[in-house]
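Visitor:
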Amino acid sequence: MWSRLEPLDFHRTLPVKALGKMIDQRILEAWNKLYIDSTPEEHWNRTLIPSVEWAVLNMELRPNFLLSQAVTGHGAFKSYLHRIGKRDSPACRCGPIERMPEHVFRLCERYSEGRPADWTEGIADEEIRQYLIRTMKWLWEEEKEEERAGVNHPRRAQRRRNVRAGVPITGTRPAPTSR
Ligand SMILES: [Zn+2]
């Protein structure tokens with residue numbers, strides 16, 4: 001992709017500052033192209049941040065802890081937690097649908113309260129930002145609740161399976177001496 005860019009003409013006399021700006025611009029264009037060409041799994045963050053150029057121009061909107069999770073999908077999403085081995089299933093509570101950010105924020109009935117109708121402004125839109133933050137908090141609450149209840153938790157599920165299969169308890173913890 002880089003090779004498709006026109007070579008910089010270093011023979012032209014340009015003040016260093018102007019040259020720096022020109023290079024910045026080209027890196028930005030190339031980066032933007034990579035972003036636009038990204039895979040379908042990465043499409044979601046484009047709903048929130050339309051382009052890299054846009055992100056640079058709107059630096060003051062740099063996502064906070066919860067917004068970052070909403071944008072990247074690395075957070076309280078079953079799809080992500082399942083991928084890193086923290087949950088048994090990637091499915092949403094609404095049914096056998098993988099709970100990815102787009103499902104939660106755009107499609108799932110469960111999280112439709114206060115959902116903005118217009119997403120064209122991405123995270124530049126205050127209403128969208130507030131909805132994302134509110135929903136992220138809710139997702140974390142649900143995850144904590146499930147963890148307390150021992151639902152959808154791989155280690156506990158494995159233990160239950162082991163007990164059913166009669167697998168002896170192993171690990172660093174000493175086995176109980178009496179039953
Ligand atoms: Zn759902």
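In the numbering used here, the protein residues as written are 1 to 179.
Backbone N, C-alpha and C fix where the C-beta goes; we use that ideal spot for every residue, glycine too.
Please read these numbers as outputs of a predicted model, since none were measured by experiment.
1. State the DSSP-derived secondary structure class of E98, mapped to helix, strand or coil.
2. May I ask you to report which of helix, strand or coil DSSP gives A91?
3. Compare the beta carbon distance of C92 and R83 with 7 Å and say whether it is the shorter of the two.
4. Which stretch, first to last residue, makes up the alpha helix (DSSP H) that contains I128?
5. Count the other C-beta atoms from every protein chain shown that fall within 10 angstroms of the C-beta of T135, then say buried if there are 16 or more, exposed otherwise.
6. Compute the distance between the beta-carbons of N45 and V71, then report whether it is under 7 Å.
7. Could you check which residue in V52, N64, A55 has the C-alpha nearest to that of R129?
8. Measuring straight from C-alpha to C-alpha, what distance separates L107 and G166?
9. In chain order, what residues of the same chain lie with their CB nearer than 6 Å to the CB of A55, ignoring the 5 residues before and after it?
10. Just to confirm my understanding: we take G150, look at its own chain, exclude 5 residues before and 5 after, and list those with CB closer than 7 Å. What are they?
11. Using 10 angstroms around the beta-carbon of A117, count the other beta-carbons present and answer buried if the total reaches 16, otherwise exposed.
12. How many Å lie between E141 and E53 at the Cα?
13. Note down the Cα distance separating R160 from K78, rounded to an integer number of angstroms.
14. With distance defined between alpha-carbon atoms, name the residue in H103, N58, G95 nearest to Y80.
15. What would DSSP say about G122, mapped onto helix, strand or coil?
Guide: Let me spell this out:
1. Correct three-state label for E98: strand.
2. It is a strand residue.
3. No, they are not a contact pair.
4. Where I128 is concerned, the enclosing alpha helix (DSSP H) stretches over 126-149.
5. With 16 or more other Cβ atoms within 10 Å, it is buried.
6. Yes, they are a contact pair.
7. Nearest C-alpha to R129: N64.
8. Here the alpha carbon of L107 sits roughly 42 Å from the alpha carbon of G166.
9. Within the same chain, A55 has close Cβ partners I49.
10. Sequence-distant partners of G150 (beyond 5 residues in either direction) whose C-beta falls short of 7 Å from its own C-beta, in its chain, are R156.
11. Its Cβ having fewer than 16 others within 10 Å, A117 is exposed.
12. Straight-line Cα distance between these residues: approximately 34 Å.
13. Taking C-alpha positions only, R160 is separated from K78 by approximately 21 Å.
14. Minimum Cα distance to Y80 is reached at H103.
15. In this structure, DSSP gives G122 a helical state, which the three-state scheme calls helix.
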